[in-house]
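Before any comments, here is the structure.
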Ligand code: PEP
C-alpha cells in the first residue's frame with residue numbers, strides 16, 4: 185500500500201523569523217499527526233537550515249524547492265544537491281511549473297536535476313502538468329507523457345521507485361481553481377500507465393503520485409480520497425498551519 189504524503193511548498197514566502205513561527209506551530213500540531221501520513225515542508229533556501237533544525241525532533245520532513253545539478257563550481261546563486269545533503273535534506277521539488285515558466289527550466293534540466301538528486305539519495309518530487317491552452321486543445325495526456333519520458337530519460341527502474349511525481353495542472357496552481365477530483369485522478373492513472381509502459385506495472389503501482397493545484401481544506405477530502413492520488417503538493421494553503429493540518433487530516 186502506498187503511504188500518503190502531504191507536502192507544503194512555501195514558495196518565496198516567509199523570512200527566517202516567519203518560517204520559524206510556522207514551523208513551531210506545525211511542530212505543536214504534529215503531535216496529533218497520524219503516522220499513516222508523511223508530512224513535508226519545503227521552505228525557501230534562506231530558511232531551510234533553521235526550519236530543518238527546528239523540526240528535527242518532530243515527524244515533519246523538510247525539503248528544498250529546487251537545486252542545481254552540478255556538485256559545485258562557478259554557478260553563482262545556485263545550490264547543489266551536495267550542499268542539501270550536507271544539511272540533512274532528504275527531499276527536493278524538481279521542475280515546478282513556476283521554475284519552468286519563469287526561469288526557463290527545460291525537460292533536459294529536469295532530467296539532469298533528477299539524476300543529481302538521486303545520486304545524493306535525495307528524493308525528488310517531479311512536477312508535471314499542462315497549461316490551460318493544452319487542456320483546452322485536449323493535449324494534456326500527450327504533454328504529460330512527453331514530460332515523463334523526457335524527465336526520466338536514462339534513469340533506471342531501481343532509481344525510479346525513489347521518485348515521487350506531482351501532477352500539477354498549471355491552470356490550477358495559485359489560481360484558486362482546482363482540477364476536479366475526477367480530472368486529477370484520471371491524470372494520475374494516466375501518469376501511472378506511462379510509467380508502466382516505460383518500466384513495469386509493478387513499478388507504476390508503487391509510484392507515489394501527488395496532486396497539486398489550489399488544494400485547500402475545503403477540497404482536500406474529495407481529492408485525497410481518489411484511488412490513484414497518494415497525497416498533495418500544497419502551495420498557498422501550506423502557509424497557514426491550521427489549514428495545512430486540516431488537509432493532512434483528510435489524507436488518512
Ligand atoms: C504549488 O506550489 O505547487 C501549488 C500547487 O500551489 P497552490 O496550492 O497555491 O496552487
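In our numbering, the protein residues as written are 185 to 436. Using N, Cα and C, we set each Cβ at its ideal position, and we do this for glycine too. Since we're looking at a predicted model, the values are computed, not measured.
Within the same chain, Cβ atoms closer than 8 Å to the Cβ of residue 224 are found at 189, 190, 191, 192, 244, 245, 246, 247, 275, the five residues on either side in sequence being excluded. Distances between the C-beta of residue 224 and the heavy atoms of the ligand PEP are all 6 Å or more.
Sixteen is the threshold: since fewer than 16 other Cβ atoms of the shown chains lie within 10 Å of the Cβ of residue 361, the residue is exposed. Taking 7 Å as the cut-off, the Cβ atoms of residue 404 and residue 431 count as close. Rounded to the nearest whole angstrom, the C-alpha separation of residue 354 and residue 277 is 15 Å. Distance from the CA atom of residue 366 to the CA atom of residue 259, rounded to whole angstroms, is 42 Å.
In this chain, the alpha helix (DSSP H) harbouring residue 293 covers 291-303. In terms of Cα proximity to residue 325, the closest of 300, 301, 351, 309 is 351. Within the stretch 190-261, the runs of alpha helix (DSSP H) at least 4 residues long that lie entirely inside it are, in chain order, 200-214, 229-238. Closest by C-alpha distance to residue 344, out of 194, 330, 389, is 389. In this chain, the alpha helix (DSSP H) harbouring residue 431 covers 425-433. Taking residue 255 as the centre and dropping the five residues before and after it, the same chain places the C-beta of 264, 266 closer than 6 Å to its C-beta, in chain order.
For residue 270, the shortest C-beta to heavy atom distance toward the ligand PEP is 6 Å or greater. Look at residue 328 here: in three-state DSSP terms it is helix. Beyond the five residues adjoining it in sequence on each side, residue 341 comes within less than 8 Å, by CB distance, of 383, 384, 387 in the same chain, given in chain order.
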